[in-house]
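For reference, the structure discussed in these notes is given below.
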Amino acid sequence: MSAESKMLRTGPAGFTRRVVCASALVAVAAGTLSGAAAQTQTLTINTDRSGAGQKAAMTKIAADFEAKNPGVKVTINFSDVESYKTSIRNFLVTTPPDIAFWFTGARMRAFTKRNLFDDLTGFFSEQRLEEPMKPFLEAVSDGDKRYMLPTNFTTWGFYYNKEIFEKAGIAVPKTWEELMTAAAKLKASGVLPFTIGVRDLWANDLWFDYLNLRENGLEFHMELMDGKASYTDPRVKKVFSLWAEPIKKGYFLENASSYGWQEAIPFLSQGKAAMYLLGPYVLTSLPQEVHGKIGFFKFPEVKPGVPNYEELSVNGAAIPSGAKNKGLARQFLAFLAQPDNIAAFAKAGAVLPARTDVTLDDPFSISQIEHAKAAKGSSQFYDRDTDPEMAQIGMKGFQEFLANPDRVDGILERLETARARIFK
Amino acid sequence: MRVWSAGVDSVVRRARSARELRGGGADLLTPALLLALPLGLFVLMIVGPILRSLWISLYDWDGTGSATWVGLGNYRELFGDAQFYVSLKNNAIWLVLFLLAPVLGLALAIYLNQKLPEMRLVKALFFMPLVLAPVIVGVVFTWFYDPTFGILAIVFRAIGFAPPAILSNETFVTFGIIVAALWAQVAFCLVLFLAGLSQLDGEMIAAARLDGADGVPLFRYIVLPQLRPVVYTATILTVIMSLRNFDMISVMTQGGPYGSSTVLAYQMFDATIFSYRAGYGAAIATVLFALMSVYIALFLRNSLRQEARER
Chain A
79 MSAESKMLRT GPAGFTRRVV CASALVAVAA GTLSGAAAQT QTLTINTDRS
129 GAGQKAAMTK IAADFEAKNP GVKVTINFSD VESYKTSIRN FLVTTPPDIA
179 FWFTGARMRA FTKRNLFDDL TGFFSEQRLE EPMKPFLEAV SDGDKRYMLP
229 TNFTTWGFYY NKEIFEKAGI AVPKTWEELM TAAAKLKASG VLPFTIGVRD
279 LWANDLWFDY LNLRENGLEF HMELMDGKAS YTDPRVKKVF SLWAEPIKKG
329 YFLENASSYG WQEAIPFLSQ GKAAMYLLGP YVLTSLPQEV HGKIGFFKFP
379 EVKPGVPNYE ELSVNGAAIP SGAKNKGLAR QFLAFLAQPD NIAAFAKAGA
429 VLPARTDVTL DDPFSISQIE HAKAAKGSSQ FYDRDTDPEM AQIGMKGFQE
479 FLANPDRVDG ILERLETARA RIFK
Chain B
172 MRVWSAGVDS VVRRARSARE LRGGGADLLT PALLLALPLG LFVLMIVGPI
222 LRSLWISLYD WDGTGSATWV GLGNYRELFG DAQFYVSLKN NAIWLVLFLL
272 APVLGLALAI YLNQKLPEMR LVKALFFMPL VLAPVIVGVV FTWFYDPTFG
322 ILAIVFRAIG FAPPAILSNE TFVTFGIIVA ALWAQVAFCL VLFLAGLSQL
372 DGEMIAAARL DGADGVPLFR YIVLPQLRPV VYTATILTVI MSLRNFDMIS
422 VMTQGGPYGS STVLAYQMFD ATIFSYRAGY GAAIATVLFA LMSVYIALFL
472 RNSLRQEARE R
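Protein chains in written order, with the working numbering: chain A, 79 to 502; chain B, 172 to 482.
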């Protein structure tokens, strides 16, 4: 469908794209045929983990797999994250690979609801993965079935400039009040408390998610994500009134929507801003020399008595329903799930392996695993926990709120209308 | 399109004369065969997708699963969607401001149309935006507008003003993107007009000069009428470009802040890809197609008339 609508817009360019796609298909088909003739099996993997490190790790795992299984050839199609998001729906239906990497949670359920992923429920007991992967199984479940192999997960929290904290005499904040006091102190000394880039919308979600988790708890948060609670609920309004304080006091980077999430990082490393609520990408985006200057602390307590919930985003790999070599694909997933492989794959992307029995040696990973283990429960991320359309509308609402906190009532009204329509 | 219809005409004419030579007899095989390929391609690649898109717009469909018939439901929702009117308003702003491109292009073309050797370099400099992909232009202008590190911010600070954040301001953001797009579109029109100016009838201008015409009257009554076809083409193409603009918006703001720089083409993309609403996206595409058809029809009518005159 998107091809048709693109056609209206681009005319000849859309045409060329089709021709190119068609000839690519022919090439792929030809490749499969010649492979069959030579009595080999080809395993096709589509993945968006295409950063230099993870690409190398994946290629090595595939080569090891080939070496162990003579007659098997692994073809990996790497794609960048953003374009993968737009292409996966097409290829799952038209040319499904044997393995597709994807997000878990609501984004996975969007596909399992349509029977696009193969049931992997038995796989976990066969491979004895239930115990080591226990915390991640919920994320790959739809009802009582499991559809993806969790491969790695990402933690989130405040990354801060240690020198600035030292100079201002600020200790790591343990509560929301302490965080606000620290921000006031920083602001008075001419340092911006929070840097943030929201042109690509998602960095803002963390503020909403964490405030909601810390104020109202995981159960209410998930009710809201599942469309069962209202956006005009007083509990949601409370979250927005908490969030309004730092916005109105000017603690956030001004004109945040002029910056992509990455473009806001230099403010932190250059000492113009003190904190950034984000994931380990802060570090992977910065040169090794400055990593020592950056510290991490978890989102502080907001309401005493609310247990410590965290956002842990789990990624994984699935076998599409239309895959041709499902047996081989399962073999490969089992191979990938082996402690050494899953650790190498995660480490290459500065994320954490989705196995509790894997130990990593670098201090950052160790601290992040501690952080994850301390959680009483976890959500994933706004745009992975709720319906994709709701997420898009919600994120635009958050972006507007960050720029115009006074419009809160109109924004929540709009989100509620969307929720009522989407989760009918 | 124009080439195509001209081709069909000549084929039909030739077929007709062949028949006359043979003294009648309905020999339609040759034209039918010759027409089959272009017509087939046209139907398969243009008409088919358009009809299918229209059809999809009547369904509630996420792009992969099963579709539910909603009739005109998508259109009803669209006409009640506040974002649709923001997009429509932005499309109108784009349309009007983009018409500056042929005007500026013509002015620059006249200035650059001097037979000095230095002009080659100057012309090349003006052509430059045309060589760059729109996405690159978008990225460069995003840096230019960056409220902290951008050149614009540096200039503003140097003269003692607070730097504006054009791409975060819901009022100015569309204008900011249009300026970037105009930069490339002016160059496009400039090329068209330079080509047009090189085709001018020198004798006519010399004659007019002999009769004492100069300056504005010379331009108004002698040069401009000869440029009419170019003016027409440049204007229509500019209008169509303004309606289908998408790439710059995607790169510079992703339709933001909070949808205030969105146009129909971008809203369609956003609905289809990020909100998983292919039916709704198709409805937006249909509305956009209807708007564009007006200008395409005007363009076609004009070219057909011109061909009729030339025959």
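Beta carbons: idealized from backbone N, C-alpha and C, even for Gly.
If you compare the alpha carbons of B:S464, B:W226, B:F332, B:P428 with that of B:A454, the shortest gap goes to B:W226.
The beta-carbon separation of A:Q458 and A:L279, rounded to 16 Å, does not stay under the 8 Å limit for a contact. Under the three-state reduction of DSSP output, A:I123 falls in the strand class. In this structure, B:Q356 lies away from B:F250, with their beta-carbon atoms at least 9 Å apart.
In this structure, A:W180 sits near A:N393, with a CB-CB distance shorter than 9 Å. Restricting attention to A:T310, A:K316, A:A351, A:V360, the CA atom closest to the CA of A:G328 is found in A:A351. Here DSSP, grouped into helix, strand and coil, assigns A:M136 to helix.
Within 10 angstroms of the beta-carbon of B:M375 lie fewer than 16 other beta-carbons, which makes it exposed. In the three-state scheme derived from DSSP, where H, G and I count as helix and E and B as strand, B:S228 is classed as coil. In the assembly as shown, A:F195 is a buried residue. Its beta-carbon has 16 or more other beta-carbons within 10 Å. Within chain B, no residue has its beta carbon less than 7 Å from that of A:N147; the closest one is some 32 Å off. For A:W180, the pairing in a beta bridge is given by DSSP as A:G394.
A:T464 counts as buried, since at least 16 other C-beta atoms from the protein chains shown sit within 10 angstroms of its C-beta. Relative to the Cα of A:T199, the nearest Cα in the group A:N193, A:R192, A:E208 belongs to A:E208. For B:T404, there are no neighbours in chain A by C-beta distance under 8 Å, as the nearest C-beta there is about 16 Å away. B:P273 and B:L323 have their alpha carbons spaced roughly 26 Å apart.
Only R167, N168, L170, V171, A188, F189, K191, R192, N193, L194 from the region 166-195 of chain A bring a Cβ to less than 9 Å from some Cβ of chain B.
Distance from the Cα of A:F189 is smallest, within the candidate group A:F214, A:Y225, A:I471, A:Y309, for A:Y225.
The DSSP-derived three-state label of A:E332 is coil. At a cut-off of 9 Å between C-beta atoms, A:G475 counts as an interface residue with respect to chain B. Contact check for B:S432 against B:I444 fails: the beta carbons are separated by 9 Å or more. Under the three-state reduction of DSSP, B:L279 is assigned to helix.
By the rule that beta-carbons nearer than 9 Å mark a contact, A:L284 does not touch chain B.
Taking A:T153 as reference, the option from A:T137, A:Y162, A:E160 with the minimal CA-CA separation is A:T137. In the assembly as shown, A:V368 is an exposed residue. Its beta-carbon has fewer than 16 other beta-carbons within 10 Å. For B:A324, the enclosing alpha helix (DSSP H) has its first and last residue at 322-329. Beta bridge pairing from DSSP links A:E389 with A:S457. Around the Cβ of A:P175, a 10 Å sphere holds 16 or more other Cβ atoms; the residue is buried. Assigned with DSSP and collapsed to three states, A:K223 falls in strand. B:S464 sits exposed, since fewer than 16 C-beta atoms from the chains shown fall within 10 Å of its C-beta. Every alpha helix (DSSP H) of 4 residues or more that sits fully in the region 267-338 of chain A is shown, in chain order, as 283-303, 312-326. When the five nearest sequence neighbours on each side are left out, the beta carbons in the same chain lying within less than 6 Å of the beta carbon of A:P358 are those of A428, in order along the chain. Rounded to the nearest whole angstrom, the C-alpha separation of A:F143 and A:D418 is 13 Å. At the C-beta level, A:I139 and A:F413 come within 9 Å of one another.
Nearest CB-CB separation between A:S319 and chain B: not below the 9 Å threshold. Identification of chain B residues near A:R462 by a Cβ-Cβ cut-off of 9 Å yields none; the smallest Cβ-Cβ distance measures about 14 Å.
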